[in-house]
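Trainee: Sharing a structure, written as structure tokens. Questions coming.
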Amino acid sequence: LKLTPVISYLPWDAPTTIPDDGLPAMDDRPANDDFTVEIFRNGCWEEIFVYNAEVSDYAANPAAGYVQHDMGFAMFTDAFAAPLKVRVTRRAGTFSKVEIRPLSYGIVPNVQTPNSVEFELDDPAQKVSVEFDDNRMENLFILPDLPDTAIPTGANVTYFGPGIHNMGRKEILYKDNQTI
Numbered sequence: 000l001k002l003t004p005v006i007s008y009l010p011w012d013a014p015t016t017i018p019d020d021g022l023p024a025m026d027d028r029p030a031n032d033d034f035t036v037e038i039f040r041n042g043c044w045e046e047i048f049v050y051n052a053e054v055s056d057y058a059a060n061p062a063a064g065y066v067q068h069d070m071g072f073a074m075f076t077d078a079f080a081a082p083l084k085v086r087v088t089r090r091a092g093t094f095s096k097v098e099i100r101p102l103s104y105g106i107v108p109n110v111q112t113p114n115s116v117e118f119e120l121d122d123p124a125q126k127v128s129v130e131f132d133d134n135r136m137e138n139l140f141i142l143p144d145l146p147d148t149a150i151p152t153g154a155n156v157t158y159f160g161p162g163i164h165n166m167g168r169k170e171i172l173y174k175d176n177q178t179i
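First residue of the sequence shown: 0, per this note's numbering; consecutive thereafter.
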């Protein structure tokens, strides 16, 4: 088996196991300036990097009148031994309404300041969208996950932990009976 990486982000000599206290920032992806995300863990607030993503078909078809929008997404790992408190601050000013979707989760945001809310996530499967003033195009996704606990080991095992790994331009050659 011969693997040739197409897109990669961490240096080749980076450890193949990333600490479970959070995902590394993807250096070449721009930050989103619209939101600040914090989680309350170990007795203090911890800021989580917010990435930017462009949404809509504008680039593929600007003549159709589509408008390019930016949305944010924040990823983190936590053991979820108890519900996790999340704080989202909208940097662009105040808001009059906020919803956490999907609504079926029943997550009720608590307005803390004219531009910030707090809410709790009970489960890492609760991937949510935070939408201010009914704006679903310039929203924020919160994407929690559990830390890896069953990390495979062995002489014929290559483990890639959370994050994005940069293999550079090197080819990785695997032999029979190897596990990736």
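We put the beta carbon where it would ideally sit given N, CA and C, even for glycine.
Note that the structure is predicted; figures quoted are calculated from it, not measured.
#1: Near Phe-183, which residues of its chain fall below 6 Å by C-beta distance, leaving aside the five closest residues on each side in sequence?
#2: Measuring alpha carbon to alpha carbon, tell me which of Glu-46, Arg-28, Arg-40 and Gly-42 ends up nearest Phe-34.
#3: Hey, how far is the Cα of Val-116 from the Cα of Val-87?
#4: In terms of residues, what are the limits of the beta strand (DSSP E) holding Tyr-50?
#5: Under the three-state reduction of DSSP, which class applies to Ala-24: helix, strand or coil?
#6: For the beta strand (DSSP E) containing Thr-76, list its first residue and its last residue.
#7: What separation, rounded to the nearest whole angstrom, lies between the Cα atoms of Val-110 and Lys-169?
#8: Kindly list the residues whose CB is nearer than 7 Å to the CB of Asn-155, restricted to its own chain and excluding five residues on each side of it in sequence; keep chain order.
#9: Give the straight-line distance between the Cα atoms of Asn-114 and Gln-125, rounded to the nearest whole angstrom.
#10: Here's the rule: buried if 16 or more other CB atoms are within 10 angstroms of the residue's CB, otherwise exposed. What is Asn-138?
#11: Considering only the beta carbon of each residue, do Ile-141 and Val-97 sit closer than 8 Å?
Mentor: According to the data block:
#1: Outside the displayed span of the chain (0 to 179) sits residue 183, for which this structure offers no information.
#2: It is Glu-46 whose Cα lies nearest to the Cα of Phe-34.
#3: Rounded to the nearest angstrom, the two C-alpha atoms are 5 Å apart.
#4: Residues 49-54.
#5: Note that Ala-24 scores a pLDDT of 49, beneath 50, so its modelled location is shaky; the value from the coordinates is reported in the next line. Three-state result, Ala-24: coil.
#6: Following the DSSP letters along the chain, one finds Thr-76 inside the beta strand (DSSP E) bounded by residues 68-76.
#7: Counting only the Cα atoms, Lys-169 lies some 50 Å from Val-110.
#8: For Asn-155, where only same-chain residues beyond five positions count, the Cβ hits under 7 Å are Asn-176, Gln-177 and Thr-178.
#9: Distance between Asn-114 and Gln-125, taken at the CA atoms: about 23 Å.
#10: Flag for Asn-138 reads buried.
#11: In this structure, Val-97 does not lie closer than 8 Å to Ile-141 by Cβ.
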